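*Asks:* These protein sequences, in sequence, are chains A and B. Residues in the first sequence are numbered from 299 upward in steps of one, following the working numbering. Residues in the second sequence are numbered from 299 upward in steps of one, following the working numbering.
2 protein chains.
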Amino acid sequence: MNYLGNHLLVELYNCNTSLINNVVKIEELLLEAVKISGATALNSTFHKFSPHGVSGVVVISESHFSIHTWPEYGYCALDIFTCGTEIKSEKALDFLKEELGAGSISVTEVKRGILDFPVKLLHKPEVSEKCAI
Amino acid sequence: MNYLGNHLLVELYNCNTSLINNVVKIEELLLEAVKISGATALNSTFHKFSPHGVSGVVVISESHFSIHTWPEYGYCALDIFTCGTEIKSEKALDFLKEELGAGSISVTEVKRGILDFPVKLLHKPEVSEKCAI
């Protein structure tokens, strides 16, 4: 398949409820996960809900990481959407699963932008000449 | 099914290549789509890539809207992740399909946070008392 993006939809169950209600910690963890994956963070925005829950997104050169937490249910919805072949999404996922104390997870992998062009598809470039189109 | 979130993964093909390379316009359209859906925008961050492509995310009270564009392929990856029963994701999608000039689209709907609790699940509250947990 000739595609542009790789999207992991991750359900994290039975997480550390106190930690997933801590917006500062969640932002730290997501930024660290981006680093671990080898992706490049561009911008991020995180929000703490009242009385509980956190939403946050890191836009990366290679698409985005996002998380939404429901501490009252011990649940987090995590998305790791990347493009290119060099990003190690699984390493980021292993790190977050461990740090969030997830008791169980479910992962669905979706290929995004499946295009019928007879050439190798290149993801959007930022700095690296290797990726330049 | 008892679930927390509704996630539309949308592939938009054959879009207006000039428009999907315009970060200002893409941000305007995504924010307008959020409004049309009835969701509440909290924060947003958009980035223009060089030489082409835009990535942007709007964090909403009800999760997020995100878009990544590849003008060189006329393609956009759109995600509309919402919680609660009052958000009209389809209206936002119809608006964006039209505005981006998409020649064709494909939509995958994924339920997020399917939990085995014997109670009605409530999404995270912000202001509305109706949604308060």
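Note that CB positions come from ideal geometry on N, CA and C, so glycine has one too. Computed from a predicted structure; not experimentally measured.
(1) Can you check which of these residues, T367/B, V356/B, G411/B, is closest to T380/A by C-alpha distance?
(2) Would you kindly check if the distance between the Cβ of Y301/A and the Cβ of K386/A is under 9 Å?
(3) For the 8 Å Cβ check, are there 3 or more pairs between the stretch 331-351 of chain A and the stretch 314-325 of chain B?
(4) Let's test the definition: count the other Cβ atoms within 10 Å of the Cβ of P369/A and tell me whether it reaches 16, buried, or not, exposed.
(5) Check each candidate in L420/A, L419/A, K418/A, L394/A and name the one with the smallest Cα separation from V308/A.
(6) If you compare alpha carbons, which of M299/A, C313/A, G303/A, N304/A is closest to G372/A?
(7) Taking a Cβ distance cut-off of 7 Å, strictly less, list which residues of the stretch 367-383 of chain B are near chain A, in chain order.
(8) Given that T338/A touches chain B, what residues does it touch there, using C-beta distances under 9 Å?
(9) Just by C-beta distance, which residues in the stretch 324-350 of chain B are closer than 9 Å to chain A?
(10) So, does the CB of S316/B fall closer than 9 Å to a CB anywhere in chain A?
(11) Can you check whether the CB of C374/B is closer than 9 Å to the CB of A339/B?
(12) Could you work out which residue in S316/B, F347/B, V355/B, H350/B is closest to E330/B when comparing CA atoms only?
(13) Judging by CA-CA distance, which residue of L328/B, I318/B, S353/B is the nearest neighbour of K389/B?
(14) Assuming D392/A is part of the alpha helix (DSSP H), what are its boundary residues?
(15) With 8 Å as the C-beta to C-beta threshold (strictly closer), list the residues of the stretch 400-411 of chain B near chain A in chain order.
(16) Quick one, which residues of the stretch 300-312 of chain B are near chain A if we go by CB-CB under 9 Å, in chain order?
(17) For the putative contact between L420/B and L413/B, defined by C-beta atoms under 8 Å, what is the C-beta separation to the nearest angstrom?
(18) Have a look at F415/A, S404/A, F363/A and flag the residue whose alpha-carbon is nearest the alpha-carbon of T343/A.
(19) Helix or strand or just coil, what does DSSP make of N312/A?
*Replies:* The structure says:
(1) T367/B
(2) no
(3) no
(4) buried
(5) L394/A
(6) C313/A
(7) Going along the stretch 367-383 of chain B in chain order, one finds W368, E370, Y371, Y373, A375 with a Cβ nearer than 7 Å to chain A.
(8) Those within 9 Å of T338/A in chain B number zero; the least Cβ separation is about 11 Å.
(9) Against chain A - using a Cβ distance shorter than 9 Å - the residues of the stretch 324-350 of chain B are L340, N341, S342, T343, F344, H345, F347, S348, P349, H350.
(10) no
(11) no
(12) Checked all of S316/B, F347/B, V355/B, H350/B; the closest Cα to E330/B is V355/B.
(13) L328/B
(14) That run of the alpha helix (DSSP H) goes 387-397.
(15) T406, V408, R410, G411
(16) Within the stretch 300-312 of chain B, the qualifying residues are L302, G303, H305, L307, E309, Y311.
(17) The Cβ separation is near 11 Å, so there is no contact.
(18) F363/A
(19) coil
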